[in-house]
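**Student:** My structure is below; once you've seen it, I'll send some questions.
This is how it looks when you write it as structure tokens:
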């Protein structure tokens, strides 16, 4: 079956992209508003943009209201965030943080998520997260202002926290078995990394 995107509604395109481009890594992003409210929200349109310099990106799918989400608004105003990698132990809490809360209410409080100070930025870190990327805002690229359009956000990585249980000093790598990261699928589904297969490159 072939779908011509010119003949589809935005919600139909969303389902085809969201349900097919899988699994997607999840960026659980904490920011701080100018009023001091700690915000926390997950984004699965997310990945590495560059290693030298280290840059992450995520994309905000524009809400129907036409207003930016709290994460992007806070980033534009305060320039800092922490990107957390989600594992199975954090999945339920992460899902609770998806709730549509007023800007003056913190997801940390709503979902009873334990926090801790970050290393070099003001936004709080999720204490249970085993991988955290502390970032400064680099650039905001609005691809479309329409509902379901995308706004790409580039983030300069300033410091990286790796839980000691994950760090393999002999290889200088993160233990992929212990990481236990979760991926986003289409609809309400998630994928797990409980079964891994290593393949040597030719």
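Residue numbers (this note's numbering): 773 to 974. The beta-carbon is built from N, C-alpha and C at its ideal position, and this holds for glycine as well.
Helix, strand or coil for residue 865? Go by DSSP, reduced to three states.
**Tutor:** Looking at residue 865 - three-state DSSP - the assignment turns out to be helix.
**Student:** So is residue 842 buried or exposed if we call it buried at 16+ other beta carbons inside 10 Å?
**Tutor:** Buried: at least 16 other Cβ atoms inside 10 Å.
**Student:** Kindly indicate which residue of 788, 945 and 925 has the alpha-carbon position closest to the one of residue 957.
**Tutor:** Of 788, 945 and 925, the residue nearest in Cα terms is 788.
**Student:** What do you get for residue 814, buried or exposed, if any count of 16 or more other CB atoms within 10 angstroms of its CB means buried?
**Tutor:** The residue is buried, with at least 16 neighbouring Cβ atoms inside 10 Å.
**Student:** Should residue 953 be labelled buried (16 or more other beta-carbon atoms within 10 Å of its own) or exposed?
**Tutor:** That one is buried.
**Student:** Taking a contact to mean a Cβ-Cβ separation below 8 Å, would you say residue 896 touches residue 828 in this structure?
**Tutor:** Contact flag unset, no.
**Student:** Going by beta-carbon coordinates alone, are residue 933 and residue 903 separated by less than 8 Å?
**Tutor:** For residue 933 and residue 903, yes; Cβs fall inside 8 Å.
**Student:** How many Å lie between residue 804 and residue 848 at the Cα?
**Tutor:** Their Cα atoms are separated by approximately 11 Å.
**Student:** For the alpha helix (DSSP H) that residue 911 lies in, which residues bound it at each end?
**Tutor:** That residue, residue 911, is in no alpha helix (DSSP H); its beta strand (DSSP E) goes 903-914.
**Student:** Going straight from the alpha carbon of residue 809 to that of residue 817, what length do you get?
**Tutor:** Those two C-alpha atoms are separated by around 24 Å.
**Student:** Let me check understanding here. Comparing Cα to Cα, which of 876, 820, 799 and 899 lies closest to residue 867?
**Tutor:** Answer by Cα proximity: 799.
**Student:** Under 8 Å, with one C-beta from each stretch per pair, do the region 849-858 and the region 906-922 reach the 3-pair mark?
**Tutor:** The region 849-858, when compared against the region 906-922, does touch it at the 8 Å Cβ threshold.
**Student:** Measure the alpha-carbon distance for residue 791 versus residue 861 and round it to whole angstroms.
**Tutor:** Cα to Cα, residue 791 sits roughly 24 Å from residue 861.
**Student:** Can you tell me whether residue 850 is helix, strand or coil according to DSSP?
**Tutor:** Residue 850 falls in the helix class under three-state DSSP.
**Student:** Can you list, in chain order, the residues of its chain with a C-beta nearer than 6 Å to that of residue 826? Leave out the 5 residues immediately preceding and following it.
**Tutor:** Cβ neighbours of residue 826 beyond the five flanking positions: 929.
**Student:** Let me know the secondary structure DSSP gives residue 881 once reduced to three states.
**Tutor:** Correct three-state label for residue 881: helix.
**Student:** How would you write the range of the alpha helix (DSSP H) that residue 813 sits in, first residue to last?
**Tutor:** No alpha helix (DSSP H) contains residue 813, which is instead part of the beta strand (DSSP E) from 810-815.
**Student:** Within the continuous alpha helix (DSSP H) that includes residue 799, where are the two ends?
**Tutor:** Residue 799 -> not in any alpha helix (DSSP H); beta strand (DSSP E) instead, spanning 799-804.
**Student:** Would you give the residue range spanned by the beta strand (DSSP E) that residue 819 belongs to?
**Tutor:** 818-823 is the extent of the beta strand (DSSP E) around residue 819.
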